[in-house]
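Residues 11 to 895, numbered by our numbering, are exactly what the sequence shown covers, in order.
Even glycine gets a Cβ: it sits at the ideal position worked out from N, Cα and C.
Here the structure is a predicted model, which means the values were calculated and not measured.
First the structure, in the form of structure tokens, and then the observations on it.
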Amino acid sequence: MSYTKLTLKFLSLFLITGILFSCGKGTEEESKPLHPKVAKLKLPEGFKAEHIYSPGENEQGSWVGMTFDDKGRMVVTDQYGSLYRLEIPAIGSDSLAPKVEKLKIGTGPEDKIGMGFAQGVLFAFNSLYVTVNHNANETFDKGTGLYRLQDLDGDDQYEQITLIKSLQGEPGEHGPHSMILSPDKKSIFIVAGNHVDVPEMNAYRIPRVWNEDNVFPVIKDPRGHANSRMAPGGWIAQIDPEGKNWELFSVGFRNAYDISFNEAGELFTYDSDMEWDFGMPWYRPTRICHVTSGSEFGWRTGNQKWSPNYPDNLPATLNIGQGSPTNVMFGTGAKFPEKYQKALYAFDWSFGIIYAVSLTPSGATYSATAEEFISGSPLPLTDGEIGPDGAMYFMTGGRRLESDLYRVYYAGDEDTEVSSASTEVPEAIQTRRKLEEFHTGGPKAGAVDFVWPYLKDEDRFIQYAARVALEHQPINDWKDKALAEKDPKILTQAMIAMARHADKSQQPQMLQAIMGVDYGSLSNMDKQNLIRAFELTLFRQGVPAGDLKSQLVAYLNPNFPSNDNHLDRALSKVLVYIDAPDAVSKSITLLKTAKDDADYQKTFTSSSDLILRNPQYGLDIAEMLSSVPPAQQSYLATVLGNAKVGWTPELREEYFTWIHDAFQYKGGVSYVGFVDRARKMALTHVPKSDFEKYNEMSGASLLTGSGNDLIVSDVQPVGPGRRWTVEEALPLMADLKGRDLVKGKAMYAATLCQSCHTMKGEGGIIGPDLTQLGTRFSAKDILDATINPNNTISDQYAATIFYMADGSSVLGKLTNEDADKYFISQNPFAPDILREIPKKDVKSKKLSEISIMMPGMINRLNEEELKDLMAYLISGGNSEHEVYK
11 MSYTKLTLKF
21 LSLFLITGIL
31 FSCGKGTEEE
41 SKPLHPKVAK
51 LKLPEGFKAE
61 HIYSPGENEQ
71 GSWVGMTFDD
81 KGRMVVTDQY
91 GSLYRLEIPA
101 IGSDSLAPKV
111 EKLKIGTGPE
121 DKIGMGFAQG
131 VLFAFNSLYV
141 TVNHNANETF
151 DKGTGLYRLQ
161 DLDGDDQYEQ
171 ITLIKSLQGE
181 PGEHGPHSMI
191 LSPDKKSIFI
201 VAGNHVDVPE
211 MNAYRIPRVW
221 NEDNVFPVIK
231 DPRGHANSRM
241 APGGWIAQID
251 PEGKNWELFS
261 VGFRNAYDIS
271 FNEAGELFTY
281 DSDMEWDFGM
291 PWYRPTRICH
301 VTSGSEFGWR
311 TGNQKWSPNY
321 PDNLPATLNI
331 GQGSPTNVMF
341 GTGAKFPEKY
351 QKALYAFDWS
361 FGIIYAVSLT
371 PSGATYSATA
381 EEFISGSPLP
391 LTDGEIGPDG
401 AMYFMTGGRR
411 LESDLYRVYY
421 AGDEDTEVSS
431 ASTEVPEAIQ
441 TRRKLEEFHT
451 GGPKAGAVDF
461 VWPYLKDEDR
471 FIQYAARVAL
481 EHQPINDWKD
491 KALAEKDPKI
501 LTQAMIAMAR
511 HADKSQQPQM
521 LQAIMGVDYG
531 SLSNMDKQNL
541 IRAFELTLFR
551 QGVPAGDLKS
561 QLVAYLNPNF
571 PSNDNHLDRA
581 LSKVLVYIDA
591 PDAVSKSITL
601 LKTAKDDADY
611 QKTFTSSSDL
621 ILRNPQYGLD
631 IAEMLSSVPP
641 AQQSYLATVL
651 GNAKVGWTPE
661 LREEYFTWIH
671 DAFQYKGGVS
681 YVGFVDRARK
691 MALTHVPKSD
701 FEKYNEMSGA
711 SLLTGSGNDL
721 IVSDVQPVGP
731 GRRWTVEEAL
741 PLMADLKGRD
751 LVKGKAMYAA
761 TLCQSCHTMK
771 GEGGIIGPDL
781 TQLGTRFSAK
791 DILDATINPN
801 NTISDQYAAT
811 IFYMADGSSV
821 LGKLTNEDAD
831 KYFISQNPFA
841 PDILREIPKK
851 DVKSKKLSEI
861 SIMMPGMINR
871 LNEEELKDLM
881 AYLISGGNSE
891 HEVYK
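What follows is the structure in structure tokens.
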């Protein structure tokens with residue numbers, strides 16, 4: 011889930027409550043009352059938090075970026091406004107109120123924004139570097155790009171503005187983001203999202219031959235997101251202080267927002283998912299990535315995203331789960347216990363969690379574990395830094411949300427001395443770095459012979475670095491060696507490299523070389539890599555004809571199906587792509603029986619644990635989890651959508667029946683559209699005389715005209731809606747005579763009241779029965795509870811927060827318990843699915859105090875629709891009530 015807004019869903023009156031996190035030791039007495047916004051934070055034992063400042067209370071916007079200057083002052087950015095500088099009182103001061111000034115930048119008028127609309131800021135080289143995401147206009151004439159601000163006259167303001175590089179594309183919140191200093195403090199690294207073109211650079215650590223490289227049938231996002239954004243997606247570059255020399259360091263991200271180096275000088279980021287793809291086989295959760303030289307992480311538009319298994323991209327270090335990644339930073343320099351000094355902190359904006367990720371060297375990369383470090387709700391985390399005082403500073407805000415600045419410090423008994431010992435670099439990482447020396451500076455004598463043995467290294471990061479190093483050498487220096495190679499591992503990697511650089515005339519030799527490998531002798535992973543080599547030659551040089559194509563079919567076809575999901579995906583799409591005669595019949599057989607692997611897309615954070623943390627996003631997850639699509643079958647169905655040969659009437663009937671039934675599943679908001687696009691693609695290959703039959707069989711009548719949604723037979727709001735307040739809505743309640751019962755009931759369903767509440771024996775059971783609502787509450791009471799749901803919360807329907815011994819927290823409605831376990835329901839759309847929590851793992855528990863009901867549930871309704879809804883609620887659905895007379 012990116013730092014972008016999901017489709018809002020609305021819950022009805024008195025819905026089960028959400029979250030209010032308590033501070034570390036819930037029963038610990040404080041010398042002075044906690045700030046209310048600190049009281050909601052869950053902190054590890056021994057840590058304390060201070061609320062420093064609320065910019066919104068001072069009309070200073072919503073802050074998203076921070077840095078510290080050489081005087082220890084904090085500089086922050088308002089996402090849609092100016093830059094500010096803060097002098098912050100010391101930890102424990104009687105008054106925490108900072109001195110805040112709006113920076114005067116440039117030489118223009120005082121009231122003009124000299125610099126702003128920034129999402130990243132870095133103080134370095136006696137300058138302030140700023141990444142702007144903005145289309146220049148009369149209010150602010152600076153466009154998207156990287157700027158350097160300098161104080162040349164010593165007045166402690168920045169009058170010199172230098173545009174280092176203008177950046178093109180469709181930036182916004184997927185534009186240029188954060189910057190950090192390199193480990194040697196001599197250069198800057200910058201990260202940009204996938205809506206920014208890779209600018210011309212002086213050097214490229216990943217050869218500039220990127221492409222989509224996927225023979226999977228192309229379906230771009232049905233709702234249009236990122237449809238014009240092609241390879242290589244988001245990127246990271248290294249630049250000198252003047253910004254004159256740019257070197258592309260890594261590509262293939264969706265919308266990584268920040269980057270950070272560990273003590274060993276290794277770079278990491280936290281990349282976003284595409285939440286609309288949830289439930290689709292190409293969905294990739296938010297993830298921690300180890301960003302090495304020349305690395306590729308495989309983001310592509312729509313359904314073209316690469317599998318992490320592809321050998322020409324690198325896998326995640328840790329899959330976190332759904333969320334909206336913002337800041338990442340290491341605890342280097344923090345006055346924390348050693349474990350937390352070395353941790354990587356990853357911020358999730360959507361669900362208000364700071365994860366502490368512990369990294370352990372594992373070959374040429376790292377393995378990772380994570381824990382929930384700080385959490386709260388609402389807590390839309392944006393940026394953070396370890397301050398000069400050794401404390402952690404973090405901000406909330408973004409998207410014009412309420413913004414706050416916090417400080418977290420350690421006050422426990424463990425040693426917090428900052429380690430000054432040098433970090434020993436493992437031998438495997440040293441080997442990888444030697445290979446990475448060939449990623450820059452042009453071709454080098456002896457490079458081919460040096461890197462060649464490493465193409466078969468068992469360490470994937472070393473193998474990857476070796477292939478990229480090979481690609482930096484002229485192809486004529488190694489193509490003959492590659493074609494003559496007999497070791498299957500080396501040959502596979504060499505053919506992947508060659509496919510990216512060779513021309514079509516060399517394809518026959520490449521395919522013959524690959525087909526010379528004894529397929530049956532390979533491990534499943536080596537088979538996947540070999541098929542990837544085939545795929546790249548087909549994508550880059552085209553499908554061969556004649557005998558060569560027949561030989562390729564004969565080589566691959568006997569191995570499909572394989573009884574391995576990853577292999578079957580790879581084989582099915584390649585065999586369909588080359589029109590293998592029985593690829594369709596074999597794929598249809600799998601389509602009916604394929605099961606997802608038990609650990610498919612395993613993540614650190616379970617989706618069910620997120621539902622109650624955020625009313626805006628949680629209900630989308632809840633609905634999806636109530637009926638998750640079968641990923642393996644969905645993949646095969648998409649492959650078959652572009653199959654041209656091998657069909658029989660019986661096979662088509664089985665396929666289109668599967669498509670029809672697939673619309674019952676719940677995925678992300680693009681799920682229906684993706685299935686429909688596969689359906690429409692398949693229909694282009696049926697005989698014209700059979701089109702109408704298969705069109706109806708496949709579910710055409712279920713869909714809206716766009717194909718992006720299912721037709722809802724019930725009456726839906728016409729609108730236009732508005733952001734209703736009690737003061738605006740109450741006067742409309744003066745006369746509800748003669749309202750429409752049918753429309754009122756339709757609005758009751760459309761605003762999802764019926765999903766959670768019972769009315770006259772119908773509806774959900776997770777909220778209270780509303781049949782007698784009108785006999786107990788006035789219209790004003792009902793409106794207030796709807797518009798301001800936090801004002802009154804029934805304990806009977808409250809969620810419980812379980813604080814676990816491992817430092818995490820679990821949220822759910824406690825439905826039962828026995829001597830050993832708690833039984834909780836976490837999904838309002840599947841309340842019968844219970845999670846068992848061992849009591850021995852629970853440190854403490856408490857009822858939450860903030861409703862997760864969206865305050866804007868009625869905001870879709872116009873005046874007449876609101877009247878009909880209120881009449882229905884007041885009447886309890888009784889047609890004889892006076893409101894209908």
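When the Cα atoms are used, LEU415 and GLU395 turn out to be separated by approximately 11 angstroms. In the DSSP assignment, LEU354 is bridged to PHE340 and VAL367.
Between HIS300 and GLU276, the gap from beta carbon to beta carbon is short of 8 angstroms. For GLN178, the secondary structure class from DSSP, reduced to helix, strand or coil, is coil. Distance from the CA of ARG623 to the CA of ILE384, rounded to the nearest whole angstrom, comes to 13 angstroms. A direct Cα-to-Cα measurement between VAL638 and SER413 gives close to 35 angstroms. In terms of Cα proximity to ARG845, the closest of SER616, TYR139, VAL131 and GLN782 is SER616.
Of the residues ASP287, ILE249 and PHE460, the one whose Cα lies closest to the Cα of THR441 is PHE460. In the structure shown, GLU437 falls within a helical segment according to DSSP collapsed to helix, strand and coil. A distance below 8 angstroms between beta-carbons, with the five flanking residues on each side excluded, links ALA604 to the following residues of its chain, in chain order: ASN575, ASP578, PRO640, GLN642, GLN643 and LEU646. Judged by their CB atoms, PHE307 and ASP281 are nearer to each other than the 8 angstroms cut-off. Rounded to the nearest whole angstrom, the CA to CA distance from PRO325 to GLY289 is 20 angstroms. Counting every other CB atom within 10 Å of its CB across the protein chains shown gives GLN351 a total of 16 or more, marking it as buried. In the displayed model, HIS205 falls within coil according to three-state DSSP, outside both helix and strand. Of the candidates TYR376, THR172 and ILE843, TYR376 places its Cα closest to the Cα of ILE472. The shortest C-alpha to C-alpha distance from ASP719 to any of GLN674, VAL752 and SER819 is the one to GLN674. Taking LEU783 as the centre and dropping the five residues before and after it, the same chain places the C-beta of LEU23, ILE792, LEU883, ILE884 and GLY886 closer than 8 angstroms to its C-beta, in chain order. Judged by beta-carbon spacing, THR392 lies within the 8 angstroms limit of THR406, meaning their Cβ atoms are closer than that value.
In the DSSP secondary-structure assignment, GLN248 is bridged to PHE199 and GLU257.
By the neighbour-count criterion, in which 16 or more other beta carbons inside 10 Å mark a residue as buried, ASP630 falls on the buried side. As DSSP reads the structure, ASN329 sits in a beta bridge with ARG297. Here SER137 is near ARG158, since their CB atoms are less than 8 angstroms apart. Note on GLU183: 16 or more other CB atoms within 10 angstroms of its CB, so buried under the neighbour-count rule. Assignment of alpha helix (DSSP H) within the stretch 748-795, counting only whole runs of 4 or more residues, yields 751-760, 763-766 and 783-786 in chain order.
In this structure, the alpha-carbon of THR796 lies about 7 angstroms from that of MET867. In this structure, ALA509 lies near THR547, with their beta-carbon atoms less than 8 angstroms apart. Taking a cut-off of 8 angstroms for Cβ pairs, the stretch 71-80 and the stretch 417-434 do not touch, as fewer than three such pairs fall below it. As DSSP reads the structure, SER372 sits in a beta bridge with THR375. One Cα belongs to ASN567, the other to GLN178, and the distance between them is close to 45 angstroms.
Taking every protein chain shown into account, the CB of TYR587 has 16 or more other CB atoms within 10 angstroms, so this residue is buried. Of the residues assessed, ILE811 falls on the buried side of the cut-off, its CB having 16 or more other CB atoms within 10 angstroms. For ASP878, no beta strand (DSSP E) encloses it; the enclosing alpha helix (DSSP H) starts and ends at 873-885. Residue state for HIS184 is assigned as helix, using DSSP reduced to three classes.
For PHE150, the three-state secondary structure derived from DSSP is coil.
By the criterion of at least three beta-carbon pairs nearer than 8 angstroms, the stretch 529-543 is in contact with the stretch 485-504. Its chain contains LYS654 and VAL655 as the residues whose beta carbon lies nearer than 7 angstroms to that of ASP589, once the 5 sequence neighbours on both sides are disregarded; these appear in chain order.
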